[in-house]
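Enquirer: The structure is given below, and queries will be raised subsequently.
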Amino acid sequence: MEARPPGARAGRGADGAPARPGAEGAAEPERVAVTPAAAELLRMLTGKHGPLMFHQSGGCCDGSSPMCYERGEFRTGDSDVLLGELRIDGVPDPVPFWMSAAQFAYWSHTHLTVDTVQGRGSGFSLEAPEGVRFLIRSRLLAD
């Protein structure tokens, strides 16, 4: 997977550089973080599955829950935005967090925190068999 700066789209601009939301040259705010409980779950899942990634769409079946996949198992494209890469102590590779561009248009003014709660999530997300699921907590970005 090609490394992109936070907020970069999988597509490219006219100059060949990754497309990014926001003003040209403006520093991107941190858009995504992880709670200690989610970090612990990511360490365990990395031990079982190797490098991971998240993708959040505006999906129909599981709402807009973040889905955790083995890196590369979900193919991103021009309609996806890279919000950031989660750096987790004890996890060698950052965990990229992608969102569909349509969903990003709705969430663009928010900071997202990946958390966990008890209960089964989607059968496609790696944490589903563990009896917990990832969820997003959000707040408005500070000016």
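According to the UniProt record's numbering, the stretch in the sequence shown is residues 1 to 143, in order. Note that the Cβ used here is the ideal one computed from N, Cα and C, for glycine as well.
What are the uninterrupted segments assigned as alpha helix (DSSP H) that are 4 or more residues long and contained completely in the region 44-130, given in chain order?
Expert: If we require 4 residues or more, the alpha helix (DSSP H) runs fully inside the region 44-130 come out as 101-107.
Enquirer: Does DSSP put ALA142 in a helix, a strand or coil?
Expert: Residue numbering aside, residue 142 sits at position 142 when the sequence shown is read from its first letter. In this structure, ALA142 counts as coil in the three-state DSSP scheme.
Enquirer: Quick check on this structure: which residue in VAL95, SER57, PRO29, GLU70 has the alpha carbon closest to the alpha carbon of ALA38?
Expert: Translated into the one-based positions of the sequence shown, residue 38 becomes position 38. Ranking the options by Cα distance to ALA38, first place goes to VAL95.
Enquirer: Cβ of THR35 within 8 Å of Cβ of VAL132?
Expert: For the purposes of this step, residue 35 is identified with residue 35 of the sequence shown, where counting begins at 1. For the purposes of this step, residue 132 is identified with residue 132 of the sequence shown, where counting begins at 1. For THR35 and VAL132, no; Cβs fall outside 8 Å.
Enquirer: Rounded to the nearest angstrom, what separates GLY142 and ARG31 at their Cα positions?
Expert: Numbered from its first residue, the sequence shown carries residue 142 at position 142. Numbered from its first residue, the sequence shown carries residue 31 at position 31. Going by the sequence as given, residue 142 is Ala instead of Gly. Between ALA142 and ARG31, the C-alpha separation is close to 11 Å.
Enquirer: Skipping 5 residues on each side, what residues in its chain have a beta carbon closer than 6 Å to that of HIS55?
Expert: Translated into the one-based positions of the sequence shown, residue 55 becomes position 55. Excluding residues within five positions, the ones whose Cβ falls inside 6 Å are MET67, PHE74, TRP98.
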